[in-house]
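As you go down the protein sequences, you meet chains A and B in turn.
With this note's numbering, letter number 187 in the first sequence gets 188, and the count goes up by one each step, no holes.
With this note's numbering, letter number 66 in the second sequence gets 67, and the count goes up by one each step, no holes.
Quick reminder that beta carbons are idealized off the backbone N, C-alpha and C, glycines included.
2 protein chains.
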Amino acid sequence: MKRVSIKDVAKEAGVSASTVSYVLNNTPTETISQETKKRVLEAVSKLGYVPNLNARSLSSRRSNLIGVLIPQTEPGKELMFSNPFYGELLSSIEYTARQHGYHLLISGTKEDQDYLSIAQNRGVDGVIIVGTYPGENLNALKTLGVPIVLVDSYVKDDDFHTIGIEDKEGARIATRYLIARGHRHIAFISGSIRENGVNIKRYQGYCDAMQEAGLPVDEEAVYSGTVDYEYGITAADQYLSRGKKQSAAFVTADVITMGLIKGLQQKHVRVPEELSIVSFDDVYLAQMAYPTLTTIHQDIGEKGKQAVHLILDAARSKEHHHTECILPLRLVERDSVCDWRDDS
Amino acid sequence: MKRVSIKDVAKEAGVSASTVSYVLNNTPTETISQETKKRVLEAVSKLGYVPNLNARSLSSRRSNLIGVLIPQTEPGKELMFSNPFYGELLSSIEYTARQHGYHLLISGTKEDQDYLSIAQNRGVDGVIIVGTYPGENLNALKTLGVPIVLVDSYVKDDDFHTIGIEDKEGARIATRYLIARGHRHIAFISGSIRENGVNIKRYQGYCDAMQEAGLPVDEEAVYSGTVDYEYGITAADQYLSRGKKQSAAFVTADVITMGLIKGLQQKHVRVPEELSIVSFDDVYLAQMAYPTLTTIHQDIGEKGKQAVHLILDAARSKEHHHTECILPLRLVERDSVCDWRDDS
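Have a look at this one:
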C-alpha cells in the first residue's frame, strides 16, 4: 500500500535519488551515461513509479492544474449544478483540459473567502472564474501572476481575459421575435439585475426591442429573482397575481423557464396558448421541456473550450495580451411560442 | 503581477527565509522569539503572502486534495453531466470537501489512461471513483496508499471503501408498487446490464417482484441501452415497434425516463394513461418533468457527503478499516403512474 518513492527507484537502480531526478527531468547540466539512464528507466518501469507532479511544479512552476471557481447562489451553499448550464460548462472545460494534460481544481467560493487564497495556495497555472461582478475583490487576483479568464463577466480590466456572449443582442433577438409573432405585452423575467451583470445587459436589449417597436416597457412586466427553478415557479405566481397582463415573456435562463412552465401548468395556464415564451441558454433541458423551448442558443461547449485555450495560450506566451472573446448567439425555434392575434 | 514569495516576506521582516518557514509551519524544534514571529506575521499580512500548499505537501504529505473520477460514457467523451445525477453528486462532494478545507481534483477517465497515474501524479489524499466495474484495473489503485471510495460499485475488496444504495431492493419496491396499482405487464428499461453493475441488481429486483407476484418476465419487456436522454427516446420507439405490450415500466434512471416520456409524447402515447412509469434517482429533473415522476428517491447529497467523510476519516486513522456504507431508498409518489384495470 506504500507509494513507490524516488528513493525506491534509486535503490533498485543502484544510483542516488538525485541521479534518478536528473534522468527523469532530463536536466541538461548533468551528464549521465546511457547505461545509467537505462538502469534508472528500467527501475521506474519495474516498480511502477510515477513522478509526483506537486514536487515537479516547485522547480518548473508548472502545475498542470487549472482552477475553476463556480459561484454558489448564496455563501455556504452548494455549487449551482441545479442550473445545468454550469454542468455543461464544466464538462466542456474538463474535456478540453484533459486533452491537453491538465486537470481541474474545482472550488465553490464563499463571500468570506478570497478567490485569491484558493488559487494561490494551489499553485495553479490559470484560473477560470464563472460569473463575477465588479467590486468582488478582483484586484487581489492580479497578484497571482497567472492568466485569469472571467466567463460571463462585464468587468473591464486589461489584466483579465474575458469570454462571453452578446447578452444585449441576444435579448433583442428574443424580444423582436415575440413582437414579430404579434405580441405587444411582453414580460421580462430574469435573475437579479445587477450593475454590469449579464441580466442588466439582457434587460437593456429587451428595452431596446420594445422601444424600437414603439411599445412601452411596463414596470409591472419586469420580474427579477434568482436563476433557479424555484424562482420560475414564484414568477408564475407573480404573473397571475399581477393579473396575467402579458401574452408573452422573454426569460433569461432555461432553468427559470422550466419552473415558470411548471408553475403555470399547476394553475392550468397553457404554454404557449396563454403565454408564449422565448428562453435563453439552450441547455439540454430545453429539449426535454414540455413544450420544448424556443430559446436563444449559446454554445456552452465552445465557451468552456475557449476558456481553457485562453489560459493555455496565455501561459505559453511570456507577454501579456488581453483577450476578449465573444461567442455568437442564435434563436432556436421550438414549441413554446405561438402567434398572438389581439382580438381582446 | 509577480507572486509574493517567501523570500519577499523574509526581506520585509529582515529575517531568513527558513525563519519565515519555521514561523508559518510552527516548527516545534525551532525556538523563535515573539518579536520575530510578530515581525514575520506582519510582513505576511502586509505583502498578502499565501503559503504554497504544493510545497507544504512535500513535507507533510498532505495535499488537501481529493481526486474525483467521473467516468464518461465512452473513451474521449465529455463528462456525464447530461445526467444530472453526476452534477448533484459532485455538488455535494465539493460542498462537503470545502467545509473541511479540501479541494477537488476532477478528472474524466479514459480507458487508455489509468486512474492510477492521475491520482498518483497529483499526490491526492484520497480518491472518489464513481461507477466502476470489476476488472477495470483496480488493483493498480491499491499501490496509491491513500483511501479510495467507490461510489455505486459492487466491487468487493477490503482495500476499498464503498458507498451505495440497495439497488435490488429499490427495484423491488418500484416493481411491487406497479403491481399493486394493477399492472401485470411491466417493462424494465435501463442502461447496460453488466455483471456486478447497479443495473443487474435492479434487474434482479424487478425479476424478484414479478416472480413473487406470479408474473412472467418476458424477454421482450426488457430494454437495455445507455444511461442518457437519447436512449429514452430510442426505448420509446422500441416499445412501440414491439407492439406496446406493457402498461407500465420501471425505468432505472430519471434521465432515461425524461427521454422516454418525450419519445412517447412525440408519438402521442399518453403518460401515465397508456404507460405508467416508476423511475429511479429523484434528481431535480423528476419534479420538472411533465408529468412529474413517481420515482425511487435516493439521497444523492448524502452520498456525496458520506464519500468525503469516508476519505477524511480514513486519512485521519492510521489503521485501515474497510467501510461499506449503504444509504436508504424510498418511493416518492407523483404523477407518472395510474391504476390499471385489465378490461382488455
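Check whether residue i and residue j have beta carbons under 8 Å apart
{"i": "residue 190 of chain A", "j": "residue 204 of chain A", "result": "no"}
{"i": "residue 309 of chain B", "j": "residue 33 of chain B", "result": "no"}
{"i": "residue 152 of chain A", "j": "residue 165 of chain A", "result": "yes"}
{"i": "residue 150 of chain A", "j": "residue 327 of chain A", "result": "no"}
{"i": "residue 11 of chain A", "j": "residue 148 of chain A", "result": "no"}
{"i": "residue 331 of chain A", "j": "residue 293 of chain A", "result": "no"}
{"i": "residue 257 of chain B", "j": "residue 228 of chain B", "result": "yes"}
{"i": "residue 179 of chain A", "j": "residue 64 of chain A", "result": "no"}
{"i": "residue 69 of chain B", "j": "residue 40 of chain B", "result": "no"}
{"i": "residue 279 of chain A", "j": "residue 86 of chain A", "result": "no"}
{"i": "residue 128 of chain B", "j": "residue 90 of chain B", "result": "no"}
{"i": "residue 108 of chain A", "j": "residue 99 of chain B", "result": "yes"}
Pairwise C-alpha distance: residue j and residue i
{"i": "residue 58 of chain B", "j": "residue 106 of chain B", "result": "Reliability of the predicted coordinates at residue 58 of chain B is poor, the pLDDT of 43 falling under 50, and no value is obtained from them."}
{"i": "residue 76 of chain B", "j": "residue 224 of chain A", "result": "Residue placement at residue 76 of chain B is poorly supported in this model, since its pLDDT is 47, which falls under 50; the coordinates are not used for a value here."}
{"i": "residue 241 of chain A", "j": "residue 221 of chain A", "result": "12 Å"}
{"i": "residue 206 of chain A", "j": "residue 173 of chain A", "result": "5 Å"}
{"i": "residue 323 of chain A", "j": "residue 163 of chain A", "result": "8 Å"}
{"i": "residue 291 of chain A", "j": "residue 101 of chain B", "result": "41 Å"}
{"i": "residue 288 of chain A", "j": "residue 233 of chain A", "result": "17 Å"}
{"i": "residue 239 of chain A", "j": "residue 125 of chain B", "result": "49 Å"}
{"i": "residue 337 of chain B", "j": "residue 217 of chain B", "result": "24 Å"}
{"i": "residue 268 of chain A", "j": "residue 47 of chain B", "result": "59 Å"}
{"i": "residue 38 of chain B", "j": "residue 44 of chain B", "result": "10 Å"}
{"i": "residue 7 of chain A", "j": "residue 146 of chain B", "result": "15 Å"}
{"i": "residue 261 of chain A", "j": "residue 333 of chain A", "result": "19 Å"}
{"i": "residue 249 of chain A", "j": "residue 5 of chain B", "result": "54 Å"}
{"i": "residue 22 of chain B", "j": "residue 318 of chain A", "result": "32 Å"}
{"i": "residue 236 of chain A", "j": "residue 247 of chain A", "result": "13 Å"}
{"i": "residue 183 of chain B", "j": "residue 200 of chain B", "result": "25 Å"}
{"i": "residue 161 of chain B", "j": "residue 67 of chain B", "result": "15 Å"}
{"i": "residue 156 of chain A", "j": "residue 50 of chain B", "result": "25 Å"}
{"i": "residue 20 of chain B", "j": "residue 35 of chain B", "result": "12 Å"}
{"i": "residue 329 of chain B", "j": "residue 169 of chain A", "result": "47 Å"}
{"i": "residue 60 of chain A", "j": "residue 143 of chain A", "result": "Note on residue 60 of chain A: pLDDT 41, under 50, position unreliable in the model; no value is reported."}
{"i": "residue 271 of chain B", "j": "residue 215 of chain B", "result": "28 Å"}
{"i": "residue 88 of chain B", "j": "residue 265 of chain A", "result": "27 Å"}
{"i": "residue 301 of chain B", "j": "residue 103 of chain A", "result": "28 Å"}
{"i": "residue 42 of chain A", "j": "residue 211 of chain B", "result": "59 Å"}
{"i": "residue 202 of chain A", "j": "residue 219 of chain A", "result": "17 Å"}
{"i": "residue 31 of chain B", "j": "residue 13 of chain B", "result": "21 Å"}
{"i": "residue 273 of chain A", "j": "residue 253 of chain A", "result": "17 Å"}
{"i": "residue 209 of chain A", "j": "residue 299 of chain A", "result": "21 Å"}
{"i": "residue 243 of chain A", "j": "residue 275 of chain A", "result": "15 Å"}
{"i": "residue 55 of chain A", "j": "residue 9 of chain B", "result": "Note that residue 55 of chain A has pLDDT 47, beneath the 50 cutoff, so the model's placement of it is unreliable and no number is given."}
{"i": "residue 185 of chain B", "j": "residue 196 of chain B", "result": "27 Å"}
{"i": "residue 158 of chain A", "j": "residue 325 of chain A", "result": "10 Å"}
{"i": "residue 18 of chain B", "j": "residue 71 of chain A", "result": "35 Å"}
{"i": "residue 213 of chain B", "j": "residue 167 of chain B", "result": "19 Å"}
{"i": "residue 245 of chain B", "j": "residue 181 of chain A", "result": "42 Å"}
{"i": "residue 286 of chain B", "j": "residue 263 of chain B", "result": "13 Å"}
Contact belief for residue i with residue j at Cβ below 8 Å, rounded distance in angstroms
{"i": "residue 226 of chain B", "j": "residue 198 of chain B", "result": "About 14 Å; that fails the 8 Å criterion."}
{"i": "residue 255 of chain A", "j": "residue 296 of chain A", "result": "6 Å"}
{"i": "residue 176 of chain B", "j": "residue 281 of chain B", "result": "11 Å between Cβ atoms; not a contact."}
{"i": "residue 97 of chain A", "j": "residue 304 of chain A", "result": "Rounded, the Cβ-Cβ distance is 11 Å, inconsistent with contact."}
{"i": "residue 230 of chain B", "j": "residue 83 of chain B", "result": "7 Å"}
Identity of the residues DSSP links to residue i by a beta bridge
{"i": "residue 331 of chain B", "result": "B/298"}
{"i": "residue 282 of chain B", "result": "B/298"}
{"i": "residue 326 of chain A", "result": "A/164"}
{"i": "residue 189 of chain A", "result": "A/223, A/251"}
{"i": "residue 109 of chain B", "result": "B/71"}
{"i": "residue 127 of chain A", "result": "A/67"}
{"i": "residue 277 of chain A", "result": "A/249"}
{"i": "residue 45 of chain A", "result": "DSSP lists no partner for residue 45 of chain A."}
{"i": "residue 150 of chain B", "result": "B/129, B/162"}
{"i": "residue 104 of chain A", "result": "A/66"}
Min CB distance residue i to chain D below 8 Å
{"i": "residue 191 of chain B", "result": "Within the model displayed, chain D is absent; protein chains A and B are what it includes."}
Short of 7 Å Cβ to Cβ, which residues in the segment 203–234 of chain A face chain B?
230
Could you run through the segment 284–316 of chain A and flag, in chain order, every residue whose CB is less than 7 Å away from some CB of chain B?
285, 289, 291
May I ask you to list, following chain order, the residues of the segment 257–283 of chain B that have a beta carbon less than 9 Å from some beta carbon of chain A?
259, 260, 262, 263, 266
What are the residues in the segment 90–114 of chain B lying within 7 Å of chain A by C-beta distance?
91, 92, 93, 95, 96, 99, 104, 105, 106, 107, 108, 109
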